[in-house]
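First up is the structure itself, then whatever we jot down about it.
Residue numbers (my numbering), protein chains in the order written: chain G, 1 to 248; chain D, 249 to 1128.
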């Protein structure tokens, strides 16, 4: 209970920080590959300063639907022109997510990823990287990080290693982030999160599930005729397990 | 799994033995806590024992570990100098507190790096929505069309096969990016089995010519079928359907499709035969409605004076089209080398369409009322041969040369027997030949990333001779028959150069060119005794033109003004009478398009245009031409131009989040300067004369469509409404020029359930109202309705049953004339999805005829036609 109260308190702090005009000093670019039946790559950027990180996944917005017409998978991807972003302040994330064409500002608090370090090393480009294995929301990630860059952040919601994550892949090879460039900057980036509905991660996932179910029924029943049935198999998402342990 | 177990075991052992830990606070020189400091404990071999990261209060706390001996604690942070402290861990139960102060680094710069060659080509497609269809083979006879019409934002016109996406007619349906079918994409969508397709993509900014991608005016849409990547290069299906009609005749529906794909070759071949009313071709010989390709090319077509079809039907083709169709197509692209590709499309179609149509017209003209009837027995026998060749040659990386050739020969023989007014019997014979040649050469040069130049030459030729004969003669009792010969020709030449440019947000296009159109016509109406009427004219038209389009994109606004300037020269020589008409005009035609994106799922669009149109060649002959057992046509030719103005407003919303699709549009068109009809109608003959007057006709058209899923009912409701008003003038039986109005309203209400259990229902109710009125006369009104009800039963994955009933009431005032249809389909798909079977029972109630009612300003027309009789058909499908 105490913990929950703390959480509410923290969330309310984040809530009030609507102006996300922050100065960043490091820019790291990752190539993001998401491979659900059809592999897609995106350019993504991680902006960093001493306290905050901002991860922008450009021009994505897969609606994460994996419908099934009887035996056949029937995916629907909807491209979005607005980059999906993830602002991380002490594992309190402010993310832009979407369900179909509707965008949400989702507030998400993640627990620390319990990385298991191994002594395996490999050289990626000029960096000596160490391997870490961590589990996060249903996927096991193999991360390669380097102590040469003392930044304990990483792409997307992955972070908490004693060095920058250079490459990370999940066990199923469906999600992959690879560093492609790194440079020093002095840029102020303003992320507009006003005028958009803000919801919690749990609400977001519940809404998504509800909307996809309704969409399936709409697809099935919006036209006359044949026997095409649309079934929802599973919702494809980087997060395979939706909710934090604290909620369940 | 094994790995996870191993990890668990490892963690468990770690937990029982690890008891040491280190904690502390890290501060800077001003004693402010530093967050995000890496605190890493390493052994002397530089292996990490444990680590921690400081929180926002500068505190760190390592996880427990079981290391004993000398170790080093490394502190690092991008903004601070690294720090290393040695630690001696004496026993395995140490709890150490170590606080640190870190000095700020002079330069915090990291070594910049760019890993080259790592970035793969961007596969993000901003312009694309993709619908994945993958990993399954089954034996159902489903075609890709049936899935396409389910996709949000996409509408399919079942009759013409036309597909619209976001309210716009699509350019084509490509196969893995290759435009095999052009505008005749219905070939693909009607015939390709869903099993062959993995993904359907809707493309928002389609560019047929890759050099013009992002340069040409956007807004073109298309669909792409991503084919399954099979191990074999050849896939396809064979459908064999056979059964019996009520009268014992055999019913067939046979089709085979083959798709062949290699790196350098892509082909689609289809061969079909059916006599169950299905049109598998992109050409409509039953109702003669133009398909998307024909609509694009209609300017190059010669006029057809004598039509094979009188009225279009409201019933679906598969009830009324008593056909015998054989259709084949072979489409292929050969990529001979990276620079050169050749595409070829070959078509063959042969059909025999039998129909018995009865027309009953009840006229009231100038307070005179009378009725006519025509009982017609028509056999239409079209044959079409067609070949298209397209050669694309990339002369360099920035230039492309394209050559297109189309050759088509079409022959339609239509013997007909007519019983006029239940007394006189005529037999008529119409033979139409149609030879069409179209070729064009296009050279595209990309001048820069943002600019391109395109030069094109176009030539087409269409020859359309028709002969119509009728027995006995209408004009002379002594002659056994009358013959009408009628031959339109059209030659069209055009040369133009187009300059295309795109800026950061704006795009513009300018075109200069000239065209020339030569359309002669000859006709002769004669019998053995005399020649009744002869026509022979030459019409030439030439234009020198300049057009321009500018496209402004500002935030949510897209504003696109356009203009056309042309010098028009028209000449009409009547070669029999010494009549020559000549007219020169300078024409300015402006247009505006404004689009406002309300949000990502909805927009408002308005279109305004002013045009000056030349008249169709069909109004240029002077003397009468006989077109059926009653009707003759003649004209008072004029080269005057028609001034038209059109205004339209469209609202489009495809809100998938709320499962709502809403379209509404309103169109108004007024044209000043028209050919009006002067009709002389009696029980036996109809004489039409078209004459030009600078008077106006106008049209209103209002359409709305709303579909919404209602979660509470588990159902989708769709309301479609269509209302049109047209105002026009004519002269009937020596009246003055009359002002007429006709109105047409059609409302449909669709309801379909999406229950989770095996039975679902679908109902469509359609109400239609037509009203036609001439000044000083009472109106002709008809109201009709129909209701379709379907029960869809799916007990399991293998079985599927649809029962449907259609009820029609053509005239609400005559409730004894009603029609009731019952159909059933049973489909079974065994586990091996290579096979599938289905059983169709069509027209179970065996309705013989169908009736529909039309109104005009002078009459009510009751139109009755015969139907495909009851049949049973068993279909087997094999996929390979």
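For glycine and all other residues, C-beta sits at the position ideal for the given N, C-alpha and C.
query: How would you label residue 1133/D, buried or exposed, when you count the other beta carbons within 10 angstroms and need 16 or more for buried?
result: A query on residue 1133/D cannot be resolved here, the shown segment of chain D reaching from 249 to 1128 and no further.
query: At which residue ranges does the region 822 to 908 of chain D contain complete beta strand (DSSP E) runs of 3 or more residues, listed in the order of the chain?
result: 827 to 847, 850 to 861, 879 to 884 and 890 to 903
query: Would you call residue 237/G buried or exposed, if buried means 16 or more other Cβ atoms sit within 10 Å of its Cβ?
result: buried
task: Let me know the secondary structure DSSP gives residue 295/D once reduced to three states.
output: coil
message: Taking the straight line between their C-alpha atoms, what separation do you get for residue 1125/D and residue 486/D?
response: 6 Å
query: Applying the criterion that 16 or more other CB atoms from any shown protein chain within 10 Å of the CB defines a buried residue, is residue 616/D buried or exposed?
result: exposed
- prompt: Tell me the DSSP bridge mates of residue 567/D?
  reply: Bridge partners of residue 567/D: none, in fact.
query: Which residue comes first and which comes last in the beta strand (DSSP E) that contains residue 794/D?
result: Run containing residue 794/D: 779 to 802, per the beta strand (DSSP E) assignment.
Classification of residue 126/G by the beta-carbon crowding that lies within 10 angstroms, buried from 16 upward: Its Cβ having fewer than 16 others within 10 Å, residue 126/G is exposed.
- request: Examine chain G for any beta-carbon lying closer than 8 Å to the beta-carbon of residue 918/D, and answer yes or no.
  value: no
- prompt: Which one or two residues does DSSP pair with residue 500/D in a beta bridge?
  reply: 490/D
field: Chain-ordered neighbours of residue 279/D on chain G, where CB pairs are closer than 8 Å
entry: Here the premise fails: no neighbours, minimum Cβ distance about 17 Å.
- prompt: What distance in whole Å lies between the Cβ atoms of residue 531/D and residue 539/D, which are believed to be in contact at a cut-off of 8 Å?
  reply: Between residue 531/D and residue 539/D the Cβ distance is about 7 Å, and since that is below 8 Å, they are a contact.
- prompt: Based on the DSSP output, what are the partners of residue 416/D in its beta bridges?
  reply: 413/D
message: Please tell me whether residue 1076/D has its Cβ less than 8 Å away from any Cβ of chain G.
response: no
query: Between which two residues does the beta strand (DSSP E) containing residue 436/D stretch?
result: No beta strand (DSSP E) holds residue 436/D; the alpha helix (DSSP H) holding it covers 434 to 439.
- prompt: residue 217/G by DSSP, collapsed to three states: which one?
  reply: helix
task: Assign residue 443/D to one of three DSSP states: helix, strand, or coil.
output: In the displayed model, residue 443/D falls within a helix according to three-state DSSP.
Start-end ranges of the beta strand (DSSP E) lying completely within the region 914 to 992 of chain D, minimum 3 residues: 934 to 958 and 963 to 980
- request: Within its chain, find whatever has a CB closer than 6 Å to the CB of residue 71/G; leave out the 5 residues flanking it on each side and keep chain order.
  value: Reliability of the predicted coordinates at residue 71/G is poor, the pLDDT of 31 falling under 50, and the value obtained from them is presented with this limitation in mind. If we look at residue 71/G and ignore the five residues flanking it on each side, it has no Cβ neighbours.
query: Does the distance from the C-beta atom of residue 279/D to that of residue 310/D stay below 8 Å?
result: no
task: Output, in sequence order along the chain, the residues in the region 91 to 112 of chain G whose CB is closer than 8 Å to any CB in chain D.
output: The residues in question are 99, 100, 101 and 102.
query: What residues of chain C sit near residue 154/G, judged by a beta carbon separation below 8 Å?
result: Of the protein chains in this structure, namely G and D, none is chain C.
query: Are the region 571 to 588 of chain D and the region 506 to 522 of chain D touching, with three or more C-beta to C-beta distances below 8 Å?
result: yes
query: Going straight from the alpha carbon of residue 308/D to that of residue 347/D, what length do you get?
result: 9 Å
field: As assigned by DSSP and simplified to three states, the class of residue 1122/D
entry: strand
Interface flag, residue 316/D vs chain G, CB-CB below 8 Å: no
field: Residues near residue 792/D in its chain [Cβ-Cβ closer than 6 Å; skip 5 each side]
entry: Same-chain partners within the cutoff: 762 and 815.
field: Local Cβ density within 10 Å of residue 365/D, reported as buried at 16 or more and exposed below that
entry: Unreliable placement is indicated for residue 365/D, whose pLDDT of 38 sits below 50; the coordinate value is still reported in the next sentence. The residue is exposed, with fewer than 16 neighbouring Cβ atoms inside 10 Å.
field: chain D contact for residue 64/G (CB, 8 Å cutoff)
entry: Residue placement at residue 64/G cannot be trusted, given a pLDDT of 34 that sits under 50; what the coordinates show is reported in the next sentence. No - not a single Cβ of chain D is within 8 Å of the one on residue 64/G.
message: Three Cβ pairs or more, each shorter than 8 Å: is that satisfied between the region 894 to 913 of chain D and the region 845 to 853 of chain D?
response: The region 845 to 853 of chain D and the region 894 to 913 of chain D touch, with three or more beta-carbon pairs separated by less than 8 Å.
message: Rounding to the nearest angstrom, what Cα-Cα distance links residue 500/D and residue 526/D in this structure?
response: 10 Å
message: Would residue 238/G pass as an interface residue toward chain D - the criterion being a Cβ-Cβ separation below 8 Å?
response: no
query: Rounded to the nearest angstrom, how far is the Cβ of residue 1164/D from that of residue 736/D, given a contact under 8 Å?
result: Outside the displayed span of chain D (249 to 1128) sits residue 1164/D, for which this structure offers no information.
message: Using a Cβ-Cβ cutoff of less than 8 Å, which residues in the same chain neighbour residue 958/D once the five nearest sequence positions on both sides are dropped?
response: 964 and 965
query: In terms of residue numbering, what span does the beta strand (DSSP E) encompassing residue 544/D cover?
result: No beta strand (DSSP E) contains residue 544/D, which is instead part of the alpha helix (DSSP H) from 540 to 545.
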